[in-house]
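Participant:
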Amino acid sequence: MGRTILHLLRHNRQFATGVALLAMVAGFSCLSFFSPYPPNDSFVVPPDVPPSWDFPMGTTSRGQDLFWLLSFAIRNTLLFGLVVAVLSRILALLIGLVAGYSGGLVDRALMSLNDTFIVIPLFPILVLFYFVMREHMSWGLLALMMACLGWAYDARLIRSVAMSLRTREFTETGIFSGMSTRQILVEEHLPYVLPIVFSTTMNNINWSIGLEVTLSVLGFTDINTPTIGVLIYWANQHTALVAGIWWWIFFPVLLVVMTFIGLFLLAVSMNEYIDPRSRLGRSGG
Amino acid sequence: MSAPLLEVSDVVRTYAGGVFSRRKTIAVDGVSLRLEAGRPEIFTIVGESGSGKTTLARMILGMVPTSAGTIRFQGTDLATIRGRRARLAFMKQVQPIFQNPFEAFNPMKRVDRYLFVTARRMAGLSADAEIAEATDRALKSVGLSLAEISGRFPHELSGGQLQRVAIARALISKPALLVADEPVSMIDASLRASIVNLLRDLRDRLGVAIIYITHDLATAYYISDRILIMRQGSAVESGDARSVLDNPQHPYSQLLKRSVLSPDVPAVAGARLRPEPEVS
Amino acid sequence: MSEPVLAVSGLRAYYRTSAFGVEREVRAVDDIDLTIEANEIYGLAGESSSGKTTLIKTIANAIQPPLQVFAGSVVFNFHGQRVDIHAAAPRELSAIRWKHLSYIMQGSMNVLNPVRRVRHSFVDFAFRHIGQPMPAFLATVRSHLQRLHLAPDVLEAFPHQLSGGMRQRVTIALATVCRPEFIIADEPTTALDVVVQKGVLAMIHEIQRELGSSILFVTHDMSVHANLADRLGIMYAGRLVEEGRTADVFRAPRHPYTAHLIASLPRLGDSAPKQGLEGAPPNLAQPPPGCRFHPRCPRATEICRRETPPMAWLADGHRAACFHPAAEPAT
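Chains as they are written, first to last, in the working numbering: chain R, 12 to 296; chain G, 66 to 345; chain A, 804 to 1134.
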């Protein structure tokens, strides 16, 4: 495992770049634990100071040190993206595997549900959700909501893999060895399904972060917890670009772009490696 | 008189043509056969592609339901086997051997795993030592051993070895009937003889009845006790294997026999390659 | 004595892969010499991982990385025109392919375009070689089909409308319409039913006799070789281990592998017990030292473990690569 990662790092430039970018972003987010200022305090430093030696990323109009604030923001954003991705993977796996393996009525019922969720317009629903929840709105709730909306495409992908696996002979060998359905799904089929899950996780994280930033910039989330989107929201509230406080927008955007590109490169470069066919070829089959 | 081991009565299997088609495909059209208990034999079903032999095998294994007719195993109608416990009890007695050993095992998992699971679920063993012992015994009966197979992946073994492992797995629950669907057609010629000999050996030593499905008349001649020739879903000729193959009565059986190329070099090259007229 | 149509000498072709830290070299074709004369059917027998598929790919120059030719040459002679297949320019290769050198594949659907009528496949492959205007070309194709006992209206059908056997016959007609000097047939009848197989083999035999082409016929089915091939070569683990006239190889095999192979073949009407061969073919990434067959050979001795036996002529037109070949049976 370690050897292959080292090999990937050495020979696959995409993978190396992706890892480097993500490492930088993740490292930066860890700095939030060493921040001298709590994230929500304002006017702790002189406002509107451009980037300099004292303040590497400048300060905001609310008197916050952008450097430390950003470390909190990116940490929250990353966490959010991860939570949504994990929850929606679980849902997608459950529904996809069960539908693909069972076939018949169960499959039809689950796929009708699935298709309904695919066509639901996400953005209006989330905005509606905000207006309904308002005071009770929290990040956890939003993450849960987005996870419930983000599983549908991938469940279908997983279902097709599960369907093709059901007709393969080793599934029948498993049945005649006395394996239960659960055992077959988890032990026989999951290894084939995991590559899809992994690459869609990357996409899903990008998607959820993108949606979160969109909602936050428009103010449809809890604007008291710093995330990248919330940061940009406040910058807009203080008309930062017009006032010439460009660093308030520039650095959050830079960081989120780095995250996106890093995740994308990782997904693309890992794909070839995880593909079961190439894995068999490597192991001497 | 005890119930026969297997009784297939006028079994039919049709497939609907699909949403826009009214046509039905009849894969198996009224086939019957009977295997007696206490007298293990190798019963061969011979046919070309489209003859329905694989569909018939899958019906006997309970993987596909019949459209008409009944299949009784040890007196029990297969259609009445419902629920996990009843199915497990049935599968303990009837086990399959598939054509392609590399497909029959998950290429990403070790092969001994299937043997251990079978020992646990089918033979009802729980202690690790017992499971290892049962597995080793099954492997020895096919000419291998647990030490050789332990920890190996399918691609690390040859086709012949892997097929033996598949047979060993099938034997762990001490089944009364093995249904082997073209077990040697994907194995190299030099390894085929030993697998075919093994099947004969299992009948003699372990008393297992074997339904052997093949398109290869030569191996059929070599090990069968009785034979059934199928064509496009129907049974064309059946009886004692040597008699049927030495002296086929039905025109299709005769055509099959004439079409088999023997591994003997004719005096004039190509002398035996004369095209055959079609048989209706 | 005319030059042979195909002369392979000292051919070595390996697969070299280096992925994710794992280096492998699979020596699929290791030092092969063989010649094929005009107007003969040369059968190439071998089991899985014998290297025969790689050999024909190399002979046809259908080579893609990770497969590489490391040594040796493949030289064709088409009625005086000498072509080194690996040194030829792409233009020359394109002019040769199908006109002088054609192929019959295992799956007919690997050749026929499934979404177009059969006629289009003939146009795609053969039109530019025959050099006639389209109506004359189609007439040529129709008369060719008729000579092969195929109804000319098969040209108007789609491939899926024809049976498997019919499709394979069409593929053979396609491969022979330009009257090539050399045809490579890769397991053309393996996937077919026994009855259909006989018809297709009869067709191949007939067309070969008529055109005078040479055919390199590759299959693992020894019964097919017995009935079709004029000469027979046996491959094992990337090497040619025996070669001779088919009747000689079957009657008096010299190499222990050939002997065992032939003895283990089941025959209709013969229920005497057959002996299987112990062990398995070696992994071509890590072949055993010396003679590659020695781990399974009943006659192996010390020299077999150390040195690779060279191909030696043992009788007229019959050679084998073994330090202890079987003796000539007393006639």
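Just so you know, even glycine gets a beta-carbon here, dropped at the ideal spot from N, CA and C.
Taking Cβ positions only, does Asn-262 (chain G) come closer than 7 Å to chain R?
Facilitator: Position 197 of the second sequence, counted from the first residue, corresponds to residue 262 (chain G). Closer than 7 Å: no.
Participant: Cβ closer than 8 Å: which chain G residues qualify as neighbours of Ser-996 (chain A)?
Facilitator: As a first step, residue 996 (chain A) is located in the third sequence; it is residue number 193 there, counting from the start. For clarity, residue 996 (chain A) is Asp in the given sequence; the question names Ser instead. Simply Glu-113, Ser-114 and His-280.
Participant: Spell out the partners DSSP gives Asp-745 (chain A) in its beta bridges.
Facilitator: Only positions 804 to 1134 of chain A appear in the structure, and residue 745 (chain A) is not among them; the question remains open.
Participant: Around the Cβ of Thr-127 (chain R), are there at least 16 other Cβ atoms within 10 angstroms (buried) or fewer (exposed)?
Facilitator: As a first step, residue 127 (chain R) must be located in the first sequence, where it is residue number 116. Burial is judged here by how many other beta carbons sit within 10 angstroms of a residue's own beta carbon; Thr-127 (chain R) has fewer than 16 and is exposed.
Participant: Enumerate in chain order the residues of its own chain whose CB-to-CB distance from Ile-276 (chain G) is below 6 Å, with the five nearest sequence positions on each side excluded.
Facilitator: Here residue 276 (chain G) is taken as the residue at index 211 of the second sequence, counted from 1. The residues are Phe-108 and Val-244.
Participant: Run through DSSP, which three-state label would Val-60 (chain R) get?
Facilitator: On the first sequence, position 49 is the one that residue 60 (chain R) refers to. It is coil, neither helix nor strand.
Participant: In chain A, which residues lie less than 9 Å from Leu-321 (chain G) when you measure between Cβ atoms?
Facilitator: As a first step, residue 321 (chain G) must be located in the second sequence, where it is residue number 256. Going along chain A in sequence order, the residues near Leu-321 (chain G) (Cβ under 9 Å) are Val-997 and Val-998.
Participant: Should Asp-1119 (chain A) be labelled buried (16 or more other beta-carbon atoms within 10 Å of its own) or exposed?
Facilitator: Counted from its first residue, the third sequence places residue 1119 (chain A) at position 316. Classification of Asp-1119 (chain A): exposed, given that the 10 Å Cβ count is below 16.
Participant: Measuring CA to CA, which of A:His-1127, A:Met-1006, A:Pro-955 and A:Ile-933 is closest to Gly-968 (chain A)?
Facilitator: Translated into the one-based positions of the third sequence, residue 968 (chain A) becomes position 165. Here the closest residue by C-alpha is A:Met-1006.
Participant: Please decide whether Pro-161 (chain G) counts as near chain A, where near means a Cβ-Cβ distance under 7 Å.
Facilitator: Residue numbering aside, residue 161 (chain G) sits at position 96 when the second sequence is read from its first letter. Closer than 7 Å: no.
Participant: Count the other CB atoms within 10 Å of the CB of Asp-956 (chain A); is the residue buried (16 or more) or exposed (fewer)?
Facilitator: The residue you call residue 956 (chain A) lines up with position 153 of the third sequence. Exposed: under 16 other Cβ atoms inside 10 Å.
Participant: With H, G and I counted as helix, E and B as strand and the rest as coil, what does DSSP make of Pro-161 (chain G)?
Facilitator: Counting from one through the second sequence, the residue named residue 161 (chain G) turns up at place 96. DSSP places Pro-161 (chain G) in strand when its eight states are reduced to three.
Participant: Output needed for Phe-54 (chain R): all residues of its chain with C-beta closer than 6 Å, excluding positions within five of it in sequence on either side, in chain order.
Facilitator: Locating residue 54 (chain R) in the first sequence gives position 43, counting from the first residue. Hits under 6 Å: Gly-74.
Participant: Any idea if Val-1003 (chain A) is buried or exposed, counting beta-carbon neighbours within 10 angstroms, 16 or more meaning buried?
Facilitator: For the purposes of this step, residue 1003 (chain A) is identified with residue 200 of the third sequence, where counting begins at 1. So Val-1003 (chain A) counts as buried.
Participant: Taking Arg-1012 (chain A) as part of the alpha helix (DSSP H), name the residues at either end of that continuous run.
Facilitator: Translated into positions along the third sequence, residue 1012 (chain A) becomes position 209. Where Arg-1012 (chain A) is concerned, the enclosing alpha helix (DSSP H) stretches over 997-1014.
Participant: Between the segment 1058-1068 of chain A and the segment 224-234 of chain G, do three or more beta carbon pairs fall short of 8 Å?
Facilitator: Result no; under three Cβ-Cβ pairs closer than 8 Å.
Participant: How would you call Trp-218 (chain R), buried or exposed, if buried means at least 16 neighbouring beta carbons within 10 angstroms?
Facilitator: In the first sequence, the residue the question calls residue 218 (chain R) occupies position 207. Looking at its Cβ environment, which holds 16 or more other Cβ atoms inside 10 Å, Trp-218 (chain R) is buried.
Participant: Strictly by DSSP, which residues pair up with Ser-299 (chain G)?
Facilitator: Here residue 299 (chain G) is taken as the residue at index 234 of the second sequence, counted from 1. DSSP lists G:Arg-296 as partners of Ser-299 (chain G).
Participant: Relative to chain R, which residues along the segment 99-130 of chain G have a C-beta separation below 9 Å, given in chain order?
Facilitator: Leu-126 and Met-128
Participant: Should Met-122 (chain R) be flagged as near chain G, meaning a C-beta pair shorter than 7 Å?
Facilitator: What you label residue 122 (chain R) is simply residue 111 of the first sequence in a count that begins at 1. Chain G, which has no Cβ nearer than 7 Å to the Cβ of Met-122 (chain R), makes this no.
Participant: Can you give me the C-alpha to C-alpha distance between Ala-254 (chain G) and Leu-847 (chain A), rounded to a whole angstrom?
Facilitator: As a first step, residue 254 (chain G) is located in the second sequence; it is residue number 189 there, counting from the start. As a first step, residue 847 (chain A) is located in the third sequence; it is residue number 44 there, counting from the start. Rounded to the nearest whole angstrom, the CA to CA distance from Ala-254 (chain G) to Leu-847 (chain A) is 15 Å.
Participant: Rounded to whole angstroms, what's the CA-CA distance from Ile-136 (chain R) to Asp-193 (chain G)? Just pull it up for me.
Facilitator: Numbered from its first residue, the first sequence carries residue 136 (chain R) at position 125. Numbered from its first residue, the second sequence carries residue 193 (chain G) at position 128. About 55 Å.
Participant: Among A:His-882, A:Ala-874 and A:Ala-810, which one has its Cα closest to the Cα of Ala-831 (chain A)?
Facilitator: Against the third sequence, residue 831 (chain A) aligns to sequence position 28. Cα-wise, what sits closest to Ala-831 (chain A) is A:Ala-874.
Participant: Quick one: grab the DSSP three-state call for Glu-1110 (chain A).
Facilitator: Working through the third sequence from its first residue, we reach residue 1110 (chain A) at position 307. Of the three classes helix, strand and coil, the one that applies to Glu-1110 (chain A) here is coil, per DSSP.
Participant: Does DSSP classify Thr-88 (chain R) as helix, strand or coil?
Facilitator: Reading the first sequence from its first residue, position 77 is the one you call residue 88 (chain R). In this structure, Thr-88 (chain R) counts as helix in the three-state DSSP scheme.
Participant: Taking C-alpha atoms, which residue in R:Met-269, R:Ser-191 and R:Met-156 lies nearest to Phe-134 (chain R)?
Facilitator: Taking the first sequence and counting its residues from 1, the one referred to as residue 134 (chain R) is at position 123. For Phe-134 (chain R), the nearest C-alpha among the options comes from R:Met-156.
Participant: Assuming Ala-1123 (chain A) is part of the beta strand (DSSP E), what are its boundary residues?
Facilitator: To locate residue 1123 (chain A), count along the third sequence from 1; it is residue 320. First-last of the beta strand (DSSP E) with Ala-1123 (chain A): 1121-1123.
Participant: Give me the chain G residues within the contact set of Arg-177 (chain R), using Cβ-Cβ distance strictly less than 9 Å, ordered along the chain.
Facilitator: Translated into the one-based positions of the first sequence, residue 177 (chain R) becomes position 166. Here the premise fails: no neighbours, minimum Cβ distance about 12 Å.
Participant: From Val-333 (chain G) to Leu-263 (chain G), what does the alpha carbon distance come to, in whole angstroms?
Facilitator: Translated into the one-based positions of the second sequence, residue 333 (chain G) becomes position 268. Translated into the one-based positions of the second sequence, residue 263 (chain G) becomes position 198. One Cα belongs to Val-333 (chain G), the other to Leu-263 (chain G), and the distance between them is close to 37 Å.
Participant: At 4 residues or longer, and completely inside the segment 1025-1088 of chain A: list those alpha helix (DSSP H) runs for me, N to C.
Facilitator: 1025-1031, 1049-1054 and 1059-1066
Participant: State whether the segment 104-118 of chain G contacts the segment 276-285 of chain G, with contact taken as three or more CB pairs (one from each stretch) at a distance under 8 Å.
Facilitator: yes
Participant: Are the beta-carbon atoms of Arg-1048 (chain A) and Arg-1034 (chain A) separated by less than 7 Å?
Facilitator: Position 245 of the third sequence, counted from the start, is the residue given in the question as residue 1048 (chain A). Position 231 of the third sequence, counted from the start, is the residue given in the question as residue 1034 (chain A). Yes, the pair counts as a contact, with Cβ atoms nearer than the cut-off.
Participant: Shortest alpha-carbon distance to Asn-165 (chain G) belongs to which of G:Gly-225, G:Leu-204 and G:Ser-210?
Facilitator: Working through the second sequence from its first residue, we reach residue 165 (chain G) at position 100. Cα-wise, what sits closest to Asn-165 (chain G) is G:Gly-225.
Participant: When DSSP labels each residue in this structure, what does Ile-288 (chain G) get in the three-state scheme?
Facilitator: Against the second sequence, residue 288 (chain G) aligns to sequence position 223. Of the three classes helix, strand and coil, the one that applies to Ile-288 (chain G) here is helix, per DSSP.
Participant: For the segment 185-208 of chain R, which residues have a beta carbon sitting closer than 7 Å to at least one beta carbon of chain G?
Facilitator: Residues of the segment 185-208 of chain R with a Cβ closer than 7 Å to any Cβ of chain G, in chain order: Phe-187, Ser-188, Gly-189, Met-190, Glu-199 and Pro-202.
Participant: Please list the partners that Ser-238 (chain G) has in chain A, where partner means a Cβ-to-Cβ separation under 7 Å.
Facilitator: If you number the second sequence from 1, residue 238 (chain G) lands on position 173. Going along chain A, no residue has its Cβ under 7 Å from Ser-238 (chain G), so there is no contact; the nearest lies around 26 Å.
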